[in-house]
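Visitor: In order, the protein sequence lines correspond to chains A and B. In terms of this note's numbering, the numbers along the first sequence are unbroken and rise by one, the last being 974. In terms of this note's numbering, the numbers along the second sequence are unbroken and rise by one, the last being 974. What follows is a structure written as structure tokens; I'll ask about it next.
There are 2 protein chains.
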Amino acid sequence: MRYLLLASHGNLAEGMLDSLEMITGHHDNIFVISAYKNDESDFKSQLKSVLAQISISDELIIITDIFGGSVNNESLKIMNDKRVHLIAGLNLALVIELVTRMNSNIFTDELIESSLKNAKDTMIYCNLISQKKDKRRGFLREEE
Amino acid sequence: MRYLLLASHGNLAEGMLDSLEMITGHHDNIFVISAYKNDESDFKSQLKSVLAQISISDELIIITDIFGGSVNNESLKIMNDKRVHLIAGLNLALVIELVTRMNSNIFTDELIESSLKNAKDTMIYCNLISQKKDKRRGFLREEE
Chain A
831 MRYLLLASHG
841 NLAEGMLDSL
851 EMITGHHDNI
861 FVISAYKNDE
871 SDFKSQLKSV
881 LAQISISDEL
891 IIITDIFGGS
901 VNNESLKIMN
911 DKRVHLIAGL
921 NLALVIELVT
931 RMNSNIFTDE
941 LIESSLKNAK
951 DTMIYCNLIS
961 QKKDKRRGFL
971 REEE
Chain B
831 MRYLLLASHG
841 NLAEGMLDSL
851 EMITGHHDNI
861 FVISAYKNDE
871 SDFKSQLKSV
881 LAQISISDEL
891 IIITDIFGGS
901 VNNESLKIMN
911 DKRVHLIAGL
921 NLALVIELVT
931 RMNSNIFTDE
941 LIESSLKNAK
951 DTMIYCNLIS
961 QKKDKRRGFL
971 REEE
């Protein structure tokens, strides 16, 4: 079975799950780690606990908040676990697409690569769509 | 002055602010709307309230959770307000870059376009980096 783990510094991962479930309903195959909120919320041990909850034939797609951050760096250290797929860059469109295609008949790497591409395609500066004839540049900031 | 508004269905926007501030510290120029949590949390009126709090010479960069969602669609309706810049696709790298360059001497459209590009560049399927010699495809899902 495929599982998803949303992981972040602070509450982003929990907030993401809340918004995801508001749109797509509840899912049983999603774990969440909102790390470093206090001294007890050690990310490494929470990640280990998630891995212990899935079987040897399962897969875990981890999506972390940001590339280069501690959560992603810690996750990189468990890449020798063959069950793990790691994505940096939490985004709602990405998570919705992964969740809704979780049981589809597609290789996991293809699922991830196409979901990532589609998510990036929907990250849009909307002024460029709606204001082609009225391009607003905004002001150059002056030092305050 | 430039302001940022993080807006989402449910708690994503609040969670994003929590993670952002854990990494970059507190900022006075950020608004948050976590919409549709109950009957009283009408997005349209909350958006109107944010616009009323900034001056005619300010700018508001709205970042919504997902393109095509209600929050983004409602925001598109206020694009006739010349102060508004609208981005679809909340992402931590994007928000960090916007916040840290908020007072830089750059046109707002350039700030947004370069921040969006950089954010997309850091959304990465990490297995492709670390496992070039050990490409894991994952299983084709069978119907359960």
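Just so it is clear, CB atoms sit at the ideal spot from N, CA and C, and this is done for glycine as well. Since the structure is predicted, the reported quantities are computational estimates derived from the model, not experimental observations.
If you measure between the beta carbons of A/D848 and B/G840, is that distance less than 7 Å?
Guide: Yes; because the gap between Cβ atoms is below 7 Å, this pair is in contact.
Visitor: Label B/L958 either buried or exposed according to how many other C-beta atoms from any shown protein chain fall within 10 Å of its C-beta, with 16 as the threshold for buried.
Guide: B/L958 comes out exposed.
Visitor: Just reading off the alpha helix (DSSP H) that B/F861 is part of, what are its end residues?
Guide: From DSSP, B/F861 is part of no alpha helix (DSSP H) but of the beta strand (DSSP E) over I860 to A865.
Visitor: Cβ of B/H857 less than 7 Å from any chain A Cβ?
Guide: No, its Cβ sits nowhere closer than 7 Å to a Cβ of chain A.
Visitor: Under 8 Å Cβ-Cβ, which residues of chain B neighbour A/I889?
Guide: The identity of residue 889 of chain A in the sequence shown is Glu, whereas the question assumes Ile. Those are G968 and F969, listed as they occur along chain B.
Visitor: Buried or exposed: which applies to B/E974, given that a residue is buried once 16 or more other Cβ atoms fall within 10 Å of its Cβ?
Guide: Note that B/E974 has pLDDT 39, beneath the 50 cutoff, so the model's placement of it is unreliable and the number below is only indicative. With fewer than 16 Cβ atoms within 10 Å of its Cβ, B/E974 is classed as exposed.
Visitor: Whole alpha helix (DSSP H) runs in the region 886–919 of chain A with 4 or more residues, listed along the chain?
Guide: Counting only runs of 4 or more, we get 900–906.
Visitor: Quick one: is A/E940 buried, meaning 16 or more other Cβ sit within 10 Å of its Cβ, or exposed?
Guide: It is exposed - the Cβ of A/E940 has fewer than 16 other Cβ atoms within 10 Å.
Visitor: Which first and last residues belong to the beta strand (DSSP E) in which B/S945 is found?
Guide: Where B/S945 is concerned, there is no enclosing beta strand (DSSP E), although the alpha helix (DSSP H) it sits in stretches over T938 to D951.
Visitor: B/H915 and B/I891 - do their beta-carbons sit closer together than 7 Å?
Guide: Yes, they are a contact pair.
Visitor: Measure the Cβ-Cβ separation of B/L920 and B/I893 and say whether it is below 7 Å.
Guide: A contact, by the Cβ cut-off of 7 Å.
Visitor: I want to verify the contact list: residues of chain B whose CB lies under 7 Å from the CB of A/K1026, in sequence order.
Guide: This structure leaves residue 1026 of chain A out entirely; chain A is present only between 831 and 974.
Visitor: CB B/L842 to CB A/G845, shorter than 7 Å?
Guide: For B/L842 and A/G845, yes; Cβs fall inside 7 Å.
Visitor: Between which two residues does the alpha helix (DSSP H) holding B/S838 run?
Guide: Run containing B/S838: none in the alpha helix (DSSP H); it sits in the beta strand (DSSP E), R832 to H839.
Visitor: Report the neighbours of A/S918 on chain B: residues whose CB is nearer than 8 Å to its CB, in chain order.
Guide: Checking the sequence shown, residue 918 of chain A turns out to be Ala, not Ser. Those within 8 Å of A/A918 in chain B are T952, M953, I954 and C956.
Visitor: Counting only Cβ pairs nearer than 7 Å, list the residues of chain A close to B/S838.
Guide: Those are S849, listed as they occur along chain A.
Visitor: Per DSSP, what kind of secondary structure is A/I926 in: helix, strand or coil?
Guide: A/I926: helix per DSSP, three-state reduction.
Visitor: How would you call A/K947, buried or exposed, if buried means at least 16 neighbouring beta carbons within 10 angstroms?
Guide: Classification for A/K947: exposed.
Visitor: Let me make sure I understand the geometry here. Which of B/E927, B/K867, B/N933 and B/D888 has the alpha-carbon closest to that of B/T952?
Guide: Considering only alpha carbons, the answer is B/E927.
Visitor: With respect to the alpha helix (DSSP H) encompassing A/D872, which residues constitute its N-terminal and C-terminal limits?
Guide: Taken as a continuous stretch (DSSP letters only), A/D872 belongs to no alpha helix (DSSP H), as it is neither H nor E.
Visitor: Can you tell me the Cα-Cα spacing of A/E972 and A/T938, whole angstroms?
Guide: Reliability of the predicted coordinates at A/E972 is poor, the pLDDT of 49 falling under 50, and the value obtained from them is presented with this limitation in mind. C-alpha separation (whole angstroms): 48 Å.
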